[in-house]
Each structure stands twice: as C-alpha cells, then as structure tokens.
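Numbering (my numbering), first residue to last: 6 to 160.
No residue lacks a Cβ here, since even glycine has one placed at the ideal position from N, Cα and C.
Owing to the predicted nature of the structure, the values given are computational and were not obtained by experimental measurement.
Working notes, structure below.
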C-alpha cells in the first residue's frame, strides 16, 4: 500500500466534509454563550422581585446585613455559573452553579411570597397552598452542591 492510498477510502466518502451542507445547522458560539447570560438576567429580575416583596412585608431593620450577604452569595453562584456555562457549555459545573443560585433564590422568593399572601389573604387563598408547596420543594436543588464537589476540577 502506498502512503497516498492510506487510509483506504470508500467511493463517494469524504473526510471532514458533509455531503449535504444544507442538512447541517451551525450554532454560533455567540448564541451558545448567550443562554447562560439570559438565565442570569432572569435570575436578577427574580432577585429584584424578592427584595421588593420582602420590603413590602417588613422593613429590613434587623435583617439587612443577612439579606445583603445572602444576595451577594446568591449572585456569586449565578455569576460564576454564567461565566463557566457561557465559556464551556458542555461543562456541567456552570449549569450546576446556576441551579444552586436559582434554588436559593426560589426559596427566598417563595418564603417572602408566603409571608406576603398570608398577611393579606390568610390561609384561605388558593395561591397560598401552591406557594407553600413550591417553598417546601424549593431547596431540593441544593442536591447539586455535592455534584459540584464530585465533578470539580475537570467537569
């Protein structure tokens, strides 16, 4: 066998090319990188709604330091997750960090929403039972934390 005939090729087969270019859809890297940041923006809106409902429920007198630290931690999970997921979309660590940030935020939002609905409508509101159910399951996403520790450093 001569070097020019190696590797053996089948008739009509090409290496590194597609026979029908119209059948291939190319996802631009910019489009792949955009999804984590869109999710991050939605999570920031969710955080703003949580803080607004919390302000409606009660003043931040004794809890302002805790709320500030909690918000910084939540946003920290989300920023790092968005950076990793946008630069390496196949790496699960970024998506898991976004999940943990979402979980904390959902827990905080539903906690404040339960207080808000209870103060204004009592336990009889249909929204109350749905909110309590979501709040009960909200922190199940914390299960992503051990996965992060297991997958780190190489995803």
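Item, Value
"Taking residue 44 as the reference, which of 58, 75, 78 and 99 has the closest Cα?", "99"
"Once DSSP output is grouped into helix, strand and coil, what is the label at residue 146?", "helix"
"With a threshold of 16 other CB atoms inside 10 Å of the CB of residue 143, please say whether the residue is buried or exposed.", "buried"
"Give me the Cα-Cα distance between residue 80 and residue 123, rounded to the nearest whole angstrom.", "28 Å"
"DSSP three-state call for residue 67: helix, strand or coil?", "coil"
"Per DSSP, what kind of secondary structure is residue 56 in: helix, strand or coil?", "helix"
"Determine the burial state of residue 46: buried for a count of at least 16 other Cβ atoms within 10 Å of its Cβ, exposed for fewer.", "exposed"
"In terms of alpha-carbon separation, which member of 42, 133, 55 and 84 lies closest to residue 72?", "55"
"For the alpha helix (DSSP H) containing residue 114, list its first residue and its last residue.", "97-126"
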